[in-house]
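In my numbering, the protein residues as written are 7 to 359. Data block below; observations after.
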Amino acid sequence: MINIGVLGCGYWGPKHIRVCHEMSNAKLSAVCDLDEKKLQQVQIQYPGVKTTPRFSDFLRNNIDAVVIATPVHTHHRLAREALLNGKHVMIEKPMTSNSQEALELIELAEKRKLVLMVGHTYQYHPAVDYLKDLIGRGELGQLYGIDADRLNLGLFRPDVNVIWDLAPHDISIMLTLVNSDPIAVSARGTHHIDERVCDVAYIEVLFANGTMGHVHVSWLHPRKIRQITIVGSQKMAVYDDVSETEKIHIYDKGVAVPNEGNGNGNGNGNGHNRFSAWPPNYRYGNVVIPFISNAEPLKVECSHFIKCITEGIKPKSDGRMGLRVTSVLEAADKSLATAGQRVKLDLASMAVV
Ligand SMILES: NC(=O)c1ccc[n+]([C@@H]2O[C@H](COP(=O)([O-])OP(=O)(O)OC[C@H]3O[C@@H](n4cnc5c(N)ncnc54)[C@H](O)[C@@H]3O)[C@@H](O)[C@H]2O)c1
7 MINIGVLGCG
17 YWGPKHIRVC
27 HEMSNAKLSA
37 VCDLDEKKLQ
47 QVQIQYPGVK
57 TTPRFSDFLR
67 NNIDAVVIAT
77 PVHTHHRLAR
87 EALLNGKHVM
97 IEKPMTSNSQ
107 EALELIELAE
117 KRKLVLMVGH
127 TYQYHPAVDY
137 LKDLIGRGEL
147 GQLYGIDADR
157 LNLGLFRPDV
167 NVIWDLAPHD
177 ISIMLTLVNS
187 DPIAVSARGT
197 HHIDERVCDV
207 AYIEVLFANG
217 TMGHVHVSWL
227 HPRKIRQITI
237 VGSQKMAVYD
247 DVSETEKIHI
257 YDKGVAVPNE
267 GNGNGNGNGN
277 GHNRFSAWPP
287 NYRYGNVVIP
297 FISNAEPLKV
307 ECSHFIKCIT
317 EGIKPKSDGR
327 MGLRVTSVLE
337 AADKSLATAG
347 QRVKLDLASM
357 AVV
């Protein structure tokens, strides 16, 4: 039985508390938050769980692992202390405020042989697993591009801009689906409500294999939209996370290019095709809506964390994935500050150039 402590009982922490409490091979032992009123709520709901507003007291409890669900600027300090005290750590997304902090935590966890995982929840979403499989089997053909929209009215955060709040989800999904390193990032955005915080942003990510990624994030939108569109040379797919029952649509649609270049007539996207006849042939086929399991991603994620601890395996969303996402966010911020100038990324050496 793994004893778990949860740090932070704001919006997201209570979800971890519920899931940890429900797990059969783990025990929710302690909860820490600076706000004592929130701790009183925890005591009412989960009698027997130790609560404290002091991090040092929290670490003295009999806990093997810590889940960190506090604001981003606290992640590095709390995770570092927890690792130094021999605890396995799962940090909520985004992993840290910058790539240097992420690197330090990775090195520390490796040195101490402790599990370091990042709460990139969509890595544990059955819809993302399905898409990964679909792309891996080559069903969509060559990937042309991925567009992500994550929009809603709020929730505004005082501590980070909309990119650091919402884009970690889409970037982690893209990194998994494209399976290639991002090599350049540009971002434009603006602030409408608080001049210190960007609340609408458009990010462009160029991958080494030529795939283009776009992420539109906004706290100022009339509708809740969580949608990812993937365009391939053979088929296209739309993942609508807001839909309860029809999360993924696969469209057998495309453009057949009768070309003069290589004569294969299928438009292979190598940039050398030319139409020999105009207009091109559009292909309209079936639309398939696959069954997607409704397993709760957070439950799958927490079970995976426990499995990694007990079996000594590397998490699917390990510190390196957290670092990759953080590096893209960092590059996006850098670009935002220069009105959208392209920032090169060298993830192989894990440094923003
Ligand atoms: N994976 C997801 O889908 C998802 C969803 C929402 C939020 N998050 C992430 O979860 C984290 C927390 O977000 P939130 O929306 O719950 O924030 P929040 O502001 O609602 O809550 C943060 C809580 O942490 C407490 N806190 C702050 N500093 C502390 C410290 N030093 N020690 C103990 N407690 C401290 C605060 O009192 C507050 O209760 C963020 O990293 C956020 O990005 C992830």
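Even glycine gets a Cβ: it sits at the ideal position worked out from N, Cα and C.
Item	Value
Backbone CA spacing between D324 and L183 [nearest angstrom]	16 Å
F311 beta carbon near ligand 1 (any heavy atom closer than 8 Å)	no
Nearest-angstrom Cα separation, counted from A190 out to V349	5 Å
Limits of the alpha helix (DSSP H) - the one that T196 falls within	Taken as a continuous stretch (DSSP letters only), T196 belongs to no alpha helix (DSSP H), being part of the beta strand (DSSP E) at P188 to T196.
Reference F213, options V25, M180, A36 and V223, closest by Cα	M180
Per-residue DSSP class, three states only, for Q51	helix
Local conformation of F213 per DSSP, three classes	strand
Closer than 8 Å: A75 CB and nearest ligand 1 heavy atom	yes
Proximity winner among N104, S239 and L353, relative to D187 (alpha-carbon distances)	L353
Contact under 9 Å by Cβ, K138 with V331	no
Burial state of F297, where buried means 16 or more other Cβ atoms lie within 10 Å	exposed
Residue range of the alpha helix (DSSP H) that includes T141	The residue you asked about is not Thr; residue 141 is Ile in the sequence shown. Unbroken alpha helix (DSSP H) run through I141: P132 to G142.
Any non-hydrogen atom of ligand 1 closer than 8 Å to C308 Cβ	no
Closer than 8 Å: W24 CB and nearest ligand 1 heavy atom	According to the sequence shown, residue 24 is Arg rather than Trp. No, the beta carbon of R24 sits no closer than 8 Å to any heavy atom of ligand 1.
Cut-off 8 Å between Cβ atoms - residues of its own chain near G160, not counting five sequence neighbours on either side	W225
Contiguous beta strand (DSSP E) assignments of at least 3 residues, all confined to the stretch 279 to 333	287 to 294
contact_flag[the stretch 191 to 202, the stretch 123 to 143] where n(CB pairs < 8 Å) is 3 or more	no
Other residues of its chain near T58: CB distance less than 6 Å, five sequence neighbours each side excluded	C38 and F64
Presumed contact (8 Å Cβ cut-off) between M101 and G151, rounded CB distance	That pair is no contact at about 26 Å.
Neighbourhood of N215 by C-beta distance below 6 Å, restricted to the same chain and skipping five residues each side	S186
P53 versus H94 - alpha carbon distance	24 Å
Contact between the stretch 308 to 323 and the stretch 157 to 171 (3+ Cβ pairs under 8 Å)	no
Contact under 9 Å by Cβ, V12 with V72	yes
Member of D205, E145, I23 and H175 whose CA lies at the smallest distance from the CA of Y130	H175
Residues that DSSP places opposite I97 in a beta bridge	I74 and V124
Pair within 9 Å by beta-carbon distance, A85 and V55	no
Short Cβ contact (9 Å threshold) for A75 with H22	yes
Three-way DSSP call (helix, strand, coil) for D258 in this model	strand
Between the CA atoms of Q240 and G271 - distance to the nearest angstrom	For G271, the pLDDT reaches just 41, beneath the cut-off of 50, and the residue's location in the model is therefore unreliable, although a value from the coordinates is still provided. Each residue's alpha carbon lies about 13 Å from the other.
Contact check, Q233 vs D155, beta carbons under 9 Å	yes
Straight-line gap, D70 to G14 (C-alpha atoms, nearest Å)	17 Å
Beta-carbon gap between I254 and A345 smaller than 9 Å	no
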